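Undergrad:
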Ligand code: HDD
Ligand code: HEM
Ligand code: HEM
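Chains as they are written, first to last, in our numbering: chain A, 1 to 428; chain B, 429 to 770.
1) Expressed to the nearest angstrom, what Euclidean distance is found between the alpha-carbon atoms of residue 756 of chain B and residue 439 of chain B?
2) Are residue 202 of chain A and residue 223 of chain A closer than 7 Å when you measure CB to CB?
3) So which residues on chain A does residue 552 of chain B lean against when the C-beta distance must stay under 9 Å?
4) Since residue 409 of chain A is in the beta strand (DSSP E), which residue starts that stretch and which ends it?
5) Within the 7 Å Cβ cut-off, does residue 752 of chain B reach chain A?
6) In chain B, what lies closer than 8 Å to residue 73 of chain A by C-beta?
7) Taking CB distances under 7 Å as the criterion, tell me whether residue 615 of chain B reaches chain A.
8) Near residue 46 of chain A, which residues of its chain fall below 6 Å by C-beta distance, leaving aside the five closest residues on each side in sequence?
9) Considering only heavy atoms of ligand 1, does any lie closer than 6 Å to the CB of residue 189 of chain A?
10) Is there a C-beta anywhere in chain A that falls below 7 Å from the one on residue 433 of chain B?
11) Which two residues bound the contiguous alpha helix (DSSP H) that contains residue 347 of chain A?
12) Let me know if residue 121 of chain A comes out buried or exposed under the rule of 16 or more other beta-carbons within 10 Å of its beta-carbon.
13) Identify the contact partners of residue 447 of chain A in chain B, using a Cβ-Cβ distance below 8 Å as the criterion.
14) Helix, strand or coil: how does DSSP classify residue 163 of chain A here?
15) List the residues of chain B whose Cβ lies closer than 8 Å to the Cβ of residue 68 of chain A, in chain order.
16) Ordered along the chain, which non-local residues of its own chain (more than five positions away) have a Cβ less than 8 Å from that of residue 643 of chain B?
17) Taking only runs that begin and end inside the segment 601–688 of chain B, name each unbroken alpha helix (DSSP H) of 4 or more residues, in chain order.
18) Got a sec: is the Cβ-Cβ distance from residue 375 of chain B to anything in chain A below 7 Å?
19) In chain order, what are the residue ranges of uninterrupted beta strand (DSSP E) at least 3 long that sit wholly in the segment 278–359 of chain A?
20) Since residue 489 of chain B meets chain A, which of its residues come closer than 8 Å, beta carbon to beta carbon?
21) Considering just the uninterrupted stretch of the beta strand (DSSP E) at residue 720 of chain B, what are its terminal residues?
22) Can you tell me which of A:71, A:272 and A:276 puts its alpha carbon nearest to the alpha carbon of residue 11 of chain A?
23) Please report the Cβ distance between residue 142 of chain A and residue 98 of chain A, rounded to the nearest whole angstrom; I am assuming they are in contact, meaning their Cβ atoms lie under 8 Å.
24) With burial defined as no fewer than 16 other Cβ atoms inside 10 Å of the residue's Cβ, what is the status of residue 53 of chain A: buried or exposed?
25) Any idea if residue 391 of chain A is buried or exposed, counting beta-carbon neighbours within 10 angstroms, 16 or more meaning buried?
26) Ignoring anything shorter than 3 residues or poking outside the segment 113–167 of chain A, list the beta strand (DSSP E) runs there in chain order.
27) Are residue 505 of chain B and residue 731 of chain B touching if we call contact CB-CB under 7 Å?
28) Going by Cα to Cα distance, which pick from A:330, A:376 and A:338 is closest to residue 363 of chain A?
29) For ligand 1, is there a heavy atom less than 6 Å away from the beta-carbon of residue 234 of chain A?
30) From the DSSP secondary-structure annotation, give me the bridge partner or partners of residue 380 of chain A.
31) What in chain B is Cβ-close to residue 97 of chain A, meaning under 7 Å?
32) What is the DSSP secondary structure of residue 276 of chain A, reduced to helix, strand or coil?
33) Report yes or no: do three or more beta-carbon pairs, one from the segment 534–542 of chain B and one from the segment 550–563 of chain B, lie closer than 8 Å?
34) How many angstroms separate the CA atom of residue 163 of chain A from the CA atom of residue 86 of chain A?
35) Starting from residue 724 of chain B and walking both ways along the beta strand (DSSP E), at which residues does that stretch end?
36) Which chain B residues sit within Cβ distance under 7 Å of residue 395 of chain A?
What follows is the structure in structure tokens.
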């Protein structure tokens, strides 16, 4: 492992760890707010139990998200000082808004977790909603910072010095909209299916059936609703990538040769040596159509880029395929769910079994999607402005940094998992 | 216009540091105090419950000041941020490890459903050790900034990344930080306890940690003079620093007088003021510098981002404050001010 690789793996691992907790922290508060609202309206104590049950899990997961997020805000500078020296002033804008949003979120979660009986019930309910709204907003802001790395704008560089900076323009860069929409919907989807799976498990075990049923329906409604729109947003994202980062799109699709009526491969393994796709099933013209709504459009291939400016094709292609496969599958499962819920008005137990199986898929898709986005940007840290190598810290021994945080987070992840398991067994 | 922007930003940085040290510091201190030996297991249990109740609602918000400091630094003063992150990589990583461990262990202990005695003990010890560890390294990091050993002109790992912080002064400032945090926590916890026995217990803790503060404080000055670091000199040249020092000492006496009566509101206020005075003295002494790099002081005024960035940042901070301060006030009012009735 070279210094650069170690730093990249460190960053990837920290982010990949954080995003799991962040996705939960951004969306679970809404689940709680719905259950809490139902309780305040109907006074059915099962909804109260459900709210408190979810709340305890969120408190634990939220803390892990908060500490791993703090590590990230330092790691940007610890690992990539060359990047932050230039980019800090430019993308500081979304980060300062993110900071504000987190602050509100942290205050609101304190009020919500400990404020039962200490304030008017509806004020308390609103505090819970503020947790969700500010978490959601902060997610949008961080993703805006990331999208700037993919489509930088809002600054000028003269002789290596940044001259005029427009932080607002930088924040609302061309990749901002599709990335944040896609991410936020992904979080709803992943957490919806994740939670539904847990409650499905207990429904099959016939434990606290009434509560678990309510929980299952709330989670599934959110998960399924978002899963039906996600492919559309994903398609929109791909079209933006085709324009903004043609090398990334080419890597996603294993598209080596610039061509019109470009094929879309189902499966397949890209071979960078021979520059061909192996074992894939090509659908002629489909890529041109997906990228530009025209089966005869020209799609730029990797051949337009010098070898040292191409992302590692196999990683990007495979992770993209995993995401799209999961996206299609979840959309299918969601359709089934709506069919059973609204038309059959009865959910068969086989569907609960299916829900257990699909439970982790959303999170896998989030990880796969981020790998697509981030590895697809390589070798650039700021697309077409700065390469990762130039941003790397001069501090030697990044391997130690990587293994330190690897073990720290693996340990923390393990302890969190064990505790949550005990909690679920105790409360659910 | 430009200078004014820098002033405003520095005010936000200083205010965030003070708030982090006072509020976040007390949270670290609570962990350290729980580490001190107690024979009576009933008191230990009560102490744990008081700390849970006191920190639970606020620790995440208290912790956000650190993130705000980082964001202001990298957006407004990127050169300073970059140099600190490179030269002090090791102590900062140590701080981060501590932050991760402490925040999660505290929450785990609080929400544990099967709190067996062994588990409670394991959680409490890890919570205490990680609090101690983090505050120590925070102090070390702060103590390295102006020592003059931060250098970029060497090929040698030790000179570049170890020498800046590995020395008597930063290490003793680390110990000073741990004692001042535990002192703050003891004072704050007096007001959090409802029964008289626990109040007495925390007053006794406050006395003990106060002795640590005085002892480690003396060591800080001593080690500065051994290292030939001009702390004393700079200090007495600066009237504001001297004034802050005097105020900090006067408030000690007032504090003890009030503590005799166990008046928690005033003692908290005074302890907070006292720590703020120490920090103000520290800022005044180094004003307007951020660190000493390759033997030369690096001023905040010479290392800013372009002006439009500063102005945008100020707008964001001001607007943010309109949300943050009222909500923070509401939080504190909800959990910290209605105790008297109960
Ligand atoms: C539950 C998660 C999930 C699911 C089911 C999907 N995605 Fe996705 N995708 C993400 C989660 C995600 C993500 C993790 O949230 C990413 C990473 C960066 C980002 O902004 O969103 C992402 C990135 C991402 C990108 C790259 C954006 C960029 O680099 O600017 C494209 C083109 C797509 N996705 C396309 C799709 C398509 C066509 C899907 C079809 C169903 C799909 N995604 C399902
Ligand atoms: C939380 C979701 C995210 C995940 C899972 C993620 C994933 C990754 C991965 C896998 C890499 C390594 C790419 C490689 O070197 O091959 C990476 C790099 C990086 N990411 Fe992200 N990313 C996320 C969000 C963000 C955000 C919001 C930022 C904000 C600025 C960001 C900044 C960076 C930086 C600076 C690097 C290092 C430079 C590079 O390798 O290009 N990431 N990320
Ligand atoms: C470079 C990237 C990132 C940085 C520097 C970062 C920073 C932070 C920080 C400092 C916190 C702690 C806030 C607190 O104490 O309450 C945090 C938590 C959080 N982050 Fe991140 N973050 C990054 C990536 C992301 C991404 C990509 C998302 C989602 C799209 C996200 C969503 C959240 C959320 C919702 C929380 C709240 C805590 C929780 O729910 O567990 N973050 N992050």
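For glycine and all other residues, C-beta sits at the position ideal for the given N, C-alpha and C.
Nothing here was measured: the structure is a model prediction, and the numbers come from that model.
TA: In brief:
1) Here residue 756 of chain B refers to the residue found at position 328 of the second chain. Here residue 439 of chain B refers to the residue found at position 11 of the second chain. Rounded to the nearest angstrom, the two C-alpha atoms are 19 Å apart.
2) As a first step, residue 202 of chain A must be located in the first chain, where it is residue number 202. As a first step, residue 223 of chain A must be located in the first chain, where it is residue number 223. Cβ atoms of residue 202 of chain A and residue 223 of chain A: not closer than 7 Å.
3) Reading the second chain from its first residue, position 124 is the one you call residue 552 of chain B. Per Cβ cutoff of 9 Å: no residues; residue 552 of chain B is ~15 Å from chain A at best.
4) Residue mapping note: residue 409 of chain A aligns to position 409 of the first chain, counting from 1. From DSSP, residue 409 of chain A is part of no beta strand (DSSP E) but of the alpha helix (DSSP H) over 398–427.
5) The count along the second chain starts at 1 and reaches residue 752 of chain B at position 324. Cβ-Cβ to chain A under 7 Å: yes for residue 752 of chain B.
6) Taking the first chain and counting its residues from 1, one reaches residue 73 of chain A at position 73. Under the 8 Å cutoff, chain B gives 495, 498 and 499.
7) Position 187 of the second chain, counted from the start, is the residue given in the question as residue 615 of chain B. No - not a single Cβ of chain A is within 7 Å of the one on residue 615 of chain B.
8) As a first step, residue 46 of chain A is located in the first chain; it is residue number 46 there, counting from the start. These residues qualify, in order along the chain: 210 and 211.
9) For this step, residue 189 of chain A is matched to residue 189 along the first chain. Checking the Cβ of residue 189 of chain A against ligand 1 gives yes.
10) What you label residue 433 of chain B is simply residue 5 of the second chain in a count that begins at 1. For residue 433 of chain B, the answer is no, since every Cβ of chain A falls outside 7 Å of its Cβ.
11) Against the first chain, residue 347 of chain A aligns to sequence position 347. Run containing residue 347 of chain A: none; DSSP gives neither H nor E here.
12) Within the first chain, the letter at position 121 stands for residue 121 of chain A. Classification for residue 121 of chain A: exposed.
13) Outside the shown range of chain A, which is 1 to 428, sits residue 447 of chain A, and nothing can be said about it.
14) Your numbering for residue 163 of chain A matches position 163 in the first chain. It is a strand residue.
15) Here residue 68 of chain A is taken as the residue at index 68 of the first chain, counted from 1. Those within 8 Å of residue 68 of chain A in chain B are 528.
16) Numbered from 1 along the second chain, position 215 holds the residue referred to as residue 643 of chain B. Only 607 meet the Cβ criterion.
17) 624–655, 659–665 and 667–688
18) Only positions 429 to 770 of chain B appear in the structure, and residue 375 of chain B is not among them; the question remains open.
19) 281–283
20) If you number the second chain from 1, residue 489 of chain B lands on position 61. What residue 489 of chain B touches in chain A: 103, 106, 107 and 110.
21) Mapped onto the second chain, residue 720 of chain B falls at position 292. Unbroken beta strand (DSSP E) run through residue 720 of chain B: 717–721.
22) Taking the first chain and counting its residues from 1, one reaches residue 11 of chain A at position 11. Nearest of A:71, A:272 and A:276 to residue 11 of chain A, Cα basis: A:71.
23) Walking along the first chain from the start, residue 142 of chain A turns up at place 142. Walking along the first chain from the start, residue 98 of chain A turns up at place 98. With a Cβ gap of about 5 Å, residue 142 of chain A and residue 98 of chain A count as contacting.
24) Residue numbering aside, residue 53 of chain A sits at position 53 when the first chain is read from its first letter. Buried, by the Cβ-count rule.
25) On the first chain, position 391 is the one that residue 391 of chain A refers to. Residue 391 of chain A comes out buried.
26) 155–158 and 161–165
27) Translated into the one-based positions of the second chain, residue 505 of chain B becomes position 77. Translated into the one-based positions of the second chain, residue 731 of chain B becomes position 303. Closer than 7 Å, so yes.
28) Within the first chain, numbered from 1, the residue matching residue 363 of chain A stands at position 363. Comparing Cα-Cα distances from residue 363 of chain A to each of A:330, A:376 and A:338, the minimum goes to A:330.
29) As a first step, residue 234 of chain A must be located in the first chain, where it is residue number 234. Yes, Cβ of residue 234 of chain A sits closer than 6 Å to a heavy atom of ligand 1.
30) Residue mapping note: residue 380 of chain A aligns to position 380 of the first chain, counting from 1. Beta-bridge pairing links residue 380 of chain A to A:387.
31) Here the question's residue 97 of chain A lines up with position 97 in the first chain. Near residue 97 of chain A (Cβ distances below 7 Å), the residues of chain B are 744.
32) On the first chain, residue 276 of chain A is found 276 positions in, with the first residue counted as 1. In the structure shown, residue 276 of chain A sits in a strand (DSSP, three-state: E or B).
33) yes
34) Counting from one through the first chain, the residue named residue 163 of chain A turns up at place 163. Counting from one through the first chain, the residue named residue 86 of chain A turns up at place 86. Roughly 11 Å between the two C-alpha positions.
35) The count along the second chain starts at 1 and reaches residue 724 of chain B at position 296. Residue 724 of chain B -> beta strand (DSSP E) spans 724–727.
36) Locating residue 395 of chain A in the first chain gives position 395, where the first residue counts as 1. Residues of chain B passing the Cβ test: 514, 517 and 589.
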